[in-house]
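Report on one structure; see the data block that follows.
In our numbering, the protein residues as written are 11 to 98.
Okay, here's the thing in structure tokens:
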């Protein structure tokens, strides 16, 4: 299930980060806010993926086609000169 929750970070984001029913939280935004969310998520020991300032976090699993994964990661990191936010 993927839910996009619009709203102000100090209200909507804080509620998501502190809710023990949320198993994984993905965040796209600035580094200072990412640190705050990471600290809140860490208190409940949950999965957290953050795309902070042009990075492209990607998981490459052991059974992946390595050449295809490298091409996909390179494309994701440099598509649109870093002007897109991607989390995979």
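For glycine and all other residues, C-beta sits at the position ideal for the given N, C-alpha and C. Every value quoted in this text rests on a predicted model; they were computed, and no experiment measured them.
Item	Value
Nearest residue (CA-CA) to residue 9, options 43, 37, 30	Within the shown structure, residues of the chain are numbered from 11 to 98, placing residue 9 beyond reach of any answer.
Beta-bridge partners of residue 57, as assigned by DSSP	34
Candidates 25, 48, 23, 62, of which the one nearest residue 87 by Cα	62
Distance between residue 22 and residue 16 (C-alpha atoms, nearest Å)	7 Å
Residue 99 - DSSP class collapsed to helix/strand/coil	Given that the chain is displayed from residue 11 to residue 98, the structure contains no residue 99 and the question cannot be resolved.
Residue 69, DSSP secondary structure in three states	coil
Identity of the residues DSSP links to residue 39 by a beta bridge	62
Residue from 48, 77, 76 with nearest C-alpha to residue 39	48
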